[in-house]
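K.L.:
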Amino acid sequence: MKSYLFAWNADKWKWRELEQDIADLKATGIFVDSWSCASHKSIRTGDRAYLIKLGKEPRGIMGSGFVSSQPFIDDDWKGRHSMRVLINFEILIDPYKSPILPMDVLDSGSLAAQHWTTQSSGISIKPNVAADLEEVWKDFLRENRLT
-10 MKSYLFAWNA DKWKWRELEQ DIADLKATGI FVDSWSCASH KSIRTGDRAY
40 LIKLGKEPRG IMGSGFVSSQ PFIDDDWKGR HSMRVLINFE ILIDPYKSPI
90 LPMDVLDSGS LAAQHWTTQS SGISIKPNVA ADLEEVWKDF LRENRLT
């Protein structure tokens, strides 16, 4: 299983349903959404997915789950055709209401080997970083009582 980084830049796209999507996740245990995917030739169903919020602060990892589809062509938030995948989110955090795993943590230690401020969504996370990210993410969720 590989790990991929999906990006949401709130400066470019307002996620108007975020609060409702989080409520749906809490009520049902799952939230599925499609995201553009730059690594569409290598991504597979079952791969790990992390969602990072970029743009203005707060910035950092705000969600995780698993890829649940093969890549497909669909319209993006601007109405342009793009390669997309479905992600089954298990964790989704509102970065304006709860802490998210911050950029200063991502830019330190072994995690600093990854470029986090990507311009593309659905990029591969380096294998040596992915295992450490999973542990840091689990610790963060536990410490903040988000699981």
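Reading the sequence shown from the start, the letters are residues -10 to 136 in the numbering used here. A virtual CB, placed ideally from N, CA and C, is assigned to each residue, including glycine.
For T34, tell me which candidate among S53, P60, T17, R48 has the shortest Cα-Cα distance.
P.N.:
The residue labelled residue 34 in the question sits at position 45 within the sequence shown. For T34, the closest alpha carbon among the candidates S53, P60, T17, R48 is that of P60.
K.L.:
Take every Cβ of the segment 118 to 133, pair it with every Cβ of the segment -3 to 17, and state whether three or more of those distances are shorter than 8 Å.
P.N.:
No, because fewer than three Cβ pairs between the segment 118 to 133 and the segment -3 to 17 fall closer than 8 Å, the two stretches do not touch.
K.L.:
How far does the beta strand (DSSP E) with A101 in it extend, from its first residue to its last?
P.N.:
Translated into the one-based positions of the sequence shown, residue 101 becomes position 112. Premise fails: A101 is in no beta strand (DSSP E) and is neither H nor E.
K.L.:
Determine the direct distance from the alpha carbon of H104 to that of S23, and round the result to whole angstroms.
P.N.:
Against the sequence shown, residue 23 aligns to sequence position 34. Against the sequence shown, residue 104 aligns to sequence position 115. Between S23 and H104, the C-alpha separation is close to 23 Å.
K.L.:
For the beta strand (DSSP E) holding W(-3), just list the boundary residues, first then last.
P.N.:
For this step, residue -3 is matched to residue 8 along the sequence shown. That run of the beta strand (DSSP E) goes -8 to -2.
K.L.:
Keeping to the same chain, check which residues put their C-beta closer than 6 Å to that of N77; ignore five residues upstream and five downstream.
P.N.:
For the purposes of this step, residue 77 is taken as residue 88 along the sequence shown, with counting starting at 1. Excluding residues within five positions, the ones whose Cβ falls inside 6 Å are I19, V21, G54, F55, S57.
K.L.:
Cα separation between L95 and A16?
P.N.:
Translated into the one-based positions of the sequence shown, residue 95 becomes position 106. Translated into the one-based positions of the sequence shown, residue 16 becomes position 27. For L95 and A16, the distance between alpha carbons rounds to 30 Å.
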